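First up is the structure itself, then whatever we jot down about it.
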Amino acid sequence: MENMLHLAPCHASVPDCFVVPPDQLPPAASAAVSLPVVDMSGSRAEVCRAILDAGREFGFFQVVNHGVPEQLLRDMEAVCDEFYYELPAAEKAHLYSEDKQKPNRLFSGTTYETGGHKYWMDCLRLAFTFPVGDSTSEWPHKPHRLREVFEKFAVLTRGVGMELLRLLCEALGLRPDYFDGDLSGGDVILSVNHYPPCPNPSVALGLPPHCDRNLITLLHTGPVHGLEVVYDGDWIKVEPVPGAFVVNFGLQLEVVTNGMLKSVEHRVMTNATLARTSRAIFIQPKEDCLVGPAEEFLSEDNPPCYRTVTFGDFRRMHSVVKLGSSSLNLTTNLKDIQKGMYQMN
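Heads up: the sequence shown begins at 1022 in the working numbering, then just goes up one per residue.
As structure tokens, then:
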């Protein structure tokens, strides 16, 4: 627990293990950009078209009128703040673990192995099956509302993600239930990432540049900037929309569409004065689910660009982030690594 950033009263400087070498620091982002905003209260045809257009251009978009009650989002924010700011260290010490195979744990840094480098983030990572059943039995009991609020948030947010996938199927000409079953039936991951104020944001990152390895991600965040994505060859700062979910496509969706939709590289920057907490739901396939390009996207003129492998094999082969300079951001070549196992020779 001594490694947890949020438990330190203050940080006068950035410890060496969090310092990114100057030659591996990514270039600065351009001005903040409002990602496309999809209003899910519109007509089904309009929403389908908006999701596809935004996904093709950005790989990221934000959704409003998504059906998750505003009060629940506020409750989620309040419980997360209570967990990080008010719950005594002794009450959450049992959650701390550096075992990356443990489904429910509290840790600092990231899940990425980066040759000694750490990132300026604490994370409470919880997993559950769907339907939920007793899969939340190992979730923390404190704060006293945590399980109730977290489960409501997770179930409803997963529902939004599944509806977005159904809408995307309509837009792509796939059968509406294409992503139901094993393709979205793996453990759902809820990550509550907390980024404390960093004494020197110019030398530390909250999260390294990466692509999500799952199917689709939904992120709820507050007003503090931090998320940046690659767009048109540059890094852009994402301007948060109050009450919205930021949605991005994972690598599995890129594979299924044979590259028509892209999983876009993104990162999290630190802030010198403001803390930032985000809540993300990751929808992913079952471990033994074979993931490959859908037949609807294949033809003689458009052969498969990716191999078909199980999601479990994919995860195991992408457990290590290799540092290098071939990526756009000059910090990691994770995107190439992630796609490399899928890419056909």
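Heads up, the beta-carbon is just placed ideally off N, CA and C, and yes, glycines get one too.
Remember, it's a predicted structure, so these values are computed and weren't measured experimentally.
Inset, instruction - Can you have a look at N1214 and say buried or exposed, based on whether 16 or more other CB atoms are within 10 angstroms of its CB? - result: Within the sequence shown, numbered from 1, the residue matching residue 1214 stands at position 193. With a 10 Å radius around the Cβ and a threshold of 16 neighbouring Cβ atoms, N1214 comes out buried.
Inset, instruction - Taking the CB atoms as reference points, tell me whether Y1105 and T1294 lie closer together than 8 Å. - result: As a first step, residue 1105 must be located in the sequence shown, where it is residue number 84. As a first step, residue 1294 must be located in the sequence shown, where it is residue number 273. Against a cut-off of 8 Å, the Cβ pair of T1294 and Y1105 comes out as no contact.
Inset, instruction - Can you check DSSP and say which residues form a bridge with D1255? - result: Counting from one through the sequence shown, the residue named residue 1255 turns up at place 234. In the DSSP secondary-structure assignment, D1255 is bridged to Y1252.
Legend entry - Sequence-distant residues of its chain with Cβ nearer than 8 Å to A1114 (five each side left out): Stepping through the sequence shown from its first residue, residue 1114 is reached at position 93. Excluding residues within five positions, the ones whose Cβ falls inside 8 Å are M1022.
Inset, instruction - Give a yes or no on contact between the region 1251-1268 and the region 1318-1330, applying the rule of three or more CB pairs nearer than 8 Å. - result: Note that the region 1251-1268 does not touch the region 1318-1330; fewer than 3 beta-carbon pairs, one per stretch, sit closer than 8 Å.
Legend entry - Three-way DSSP call (helix, strand, coil) for V1224 in this model: Residue numbering aside, residue 1224 sits at position 203 when the sequence shown is read from its first letter. Three-state result, V1224: coil.
Legend entry - Bounding residues of the alpha helix (DSSP H) (the contiguous stretch that carries D1334): In the sequence shown, counting from the first residue as 1, residue 1334 sits at position 313. Run containing D1334: F1332 to M1338, per the alpha helix (DSSP H) assignment.
Inset, instruction - Express the C-alpha separation of D1044 and S1413 in angstroms, rounding to a whole number. - result: No answer is possible for residue 1413: it lies beyond the span of the chain, which begins at 1022 and ends at 1366.
Legend entry - When P1217, D1309, E1078 and N1279 are compared against C1326, the one with the closest alpha-carbon: Walking along the sequence shown from the start, residue 1326 turns up at place 305. Shortest Cα-Cα distance from C1326 to any of P1217, D1309, E1078 and N1279 involves N1279.
Legend entry - CA-to-CA distance, F1128 to L1116, given in whole angstroms: The count along the sequence shown starts at 1 and reaches residue 1116 at position 95. The count along the sequence shown starts at 1 and reaches residue 1128 at position 107. Cα-Cα distance, rounded: 8 Å.
Inset, instruction - Could you tell me the distance, in whole angstroms, from the CA atom of D1198 to the CA atom of P1036? - result: The residue labelled residue 1198 in the question sits at position 177 within the sequence shown. The residue labelled residue 1036 in the question sits at position 15 within the sequence shown. C-alpha separation (whole angstroms): 49 Å.
Inset, instruction - Using only alpha-carbon positions, find the residue among D1309, A1301 and P1048 that is nearest to V1176. - result: As a position in the sequence shown, residue 1176 is number 155, starting the count at 1. Ranking D1309, A1301 and P1048 by Cα distance to V1176 puts A1301 first.
Inset, instruction - Confirm, please, whether the CB-CB distance from C1219 to W1141 is below 8 Å. - result: As a working mapping, residue 1141 is identified with position 120 in the sequence shown. As a working mapping, residue 1219 is identified with position 198 in the sequence shown. In this structure, W1141 places its C-beta atom within 8 Å of the C-beta atom of C1219.
Legend entry - S1118 beta carbon less than 8 Å from that of E1260: Locating residue 1260 in the sequence shown gives position 239, where the first residue counts as 1. Locating residue 1118 in the sequence shown gives position 97, where the first residue counts as 1. For E1260 and S1118, no; Cβs fall outside 8 Å.
Inset, instruction - Can you grab the Cα-Cα spacing for the pair R1077 / E1275, in whole Å? - result: Translated into the one-based positions of the sequence shown, residue 1077 becomes position 56. Translated into the one-based positions of the sequence shown, residue 1275 becomes position 254. Spanning the two alpha carbons is a distance of roughly 11 Å.
Inset, instruction - Could you check the C-alpha separation between L1349 and D1155 for me, to the nearest Å? - result: Indexing the sequence shown from 1 puts residue 1349 at position 328. Indexing the sequence shown from 1 puts residue 1155 at position 134. With a pLDDT of only 37 at L1349, under the threshold of 50, the placement of this residue in the model should not be trusted, and no figure is reported.
Legend entry - Per-residue DSSP class, three states only, for Q1305: Counted from its first residue, the sequence shown places residue 1305 at position 284. Coil, per DSSP.
Inset, instruction - Confirm, please, whether the CB-CB distance from G1264 to L1094 is below 8 Å. - result: To locate residue 1094, count along the sequence shown from 1; it is residue 73. To locate residue 1264, count along the sequence shown from 1; it is residue 243. Contact flag set, yes.
Inset, instruction - Report the rounded CA-to-CA distance for V1059 versus A1111, giving the unit in angstroms. - result: Position 38 of the sequence shown, counted from the start, is the residue given in the question as residue 1059. Position 90 of the sequence shown, counted from the start, is the residue given in the question as residue 1111. The straight-line gap from Cα to Cα measures roughly 43 Å.
Legend entry - Beta bridge counterpart(s) of F1266 as assigned by DSSP: The residue labelled residue 1266 in the question sits at position 245 within the sequence shown. Here F1266 is bridged, per DSSP, to V1084.
Inset, instruction - On a CA-only basis, which of N1235, V1089, R1196 and D1201 is nearest R1337? Give me that one, please. - result: Walking along the sequence shown from the start, residue 1337 turns up at place 316. Relative to the Cα of R1337, the nearest Cα in the group N1235, V1089, R1196 and D1201 belongs to N1235.
Inset, instruction - Could you pull the start and end residues of the beta strand (DSSP E) that M1290 belongs to? - result: Taking the sequence shown and counting its residues from 1, one reaches residue 1290 at position 269. Residue range H1287 to M1290 is occupied by the beta strand (DSSP E) that includes M1290.
Inset, instruction - Could you pull out every residue in the same chain whose Cβ sits closer than 6 Å to the Cβ of S1062, ignoring the five residues on either side in sequence? - result: As a working mapping, residue 1062 is identified with position 41 in the sequence shown. Short of 6 Å from the beta carbon of S1062, and not among the five residues preceding or following it, lie these beta carbons of its own chain, in chain order: N1086.
Legend entry - Residue environment, G1088, which counts as buried when at least 16 other CB atoms sit within 10 Å: For the purposes of this step, residue 1088 is taken as residue 67 along the sequence shown, with counting starting at 1. When all chains shown are included, G1088 counts as exposed.
Legend entry - Assumed close pair S1284, F1303 - CB separation to whole angstroms, cut-off 8 Å: Numbered from 1 along the sequence shown, position 263 holds the residue referred to as residue 1284. Numbered from 1 along the sequence shown, position 282 holds the residue referred to as residue 1303. Separation of the CB atoms of S1284 and F1303 is rounded to 13 Å, and the pair is thereby denied contact status at 8 Å.
Inset, instruction - Return the chain-ordered ranges of every beta strand (DSSP E) run that is complete within the region 1180-1222 and spans a minimum of 3 residues. - result: Scanning the region 1180-1222 for uninterrupted beta strand (DSSP E) segments of 3 residues or longer gives 1209-1216, listed from N- to C-terminal end.
Legend entry - Sheet register partners of L1239 (DSSP bridge): Position 218 of the sequence shown, counting from 1, holds the residue named residue 1239. BP columns for L1239 point to V1268 and I1302.
Inset, instruction - Using the Cα positions of H1027 and L1272, report the straight-line distance between them to the nearest angstrom. - result: Here residue 1027 refers to the residue found at position 6 when the sequence shown is read from its first residue. Here residue 1272 refers to the residue found at position 251 when the sequence shown is read from its first residue. About 31 Å.
Legend entry - Residue range of the beta strand (DSSP E) that includes L1145: Locating residue 1145 in the sequence shown gives position 124, counting from the first residue. Where L1145 is concerned, the enclosing beta strand (DSSP E) stretches over D1143 to F1149.
Legend entry - C-alpha distance - G1202 paired with V1209, whole-angstrom precision: As a first step, residue 1202 is located in the sequence shown; it is residue number 181 there, counting from the start. As a first step, residue 1209 is located in the sequence shown; it is residue number 188 there, counting from the start. Going by the C-alpha atoms only, they are around 13 Å apart.
Inset, instruction - Quick one: grab the DSSP three-state call for R1070. - result: Here residue 1070 is taken as the residue at index 49 of the sequence shown, counted from 1. In the structure shown, R1070 sits in a helix (DSSP, three-state: H, G or I).
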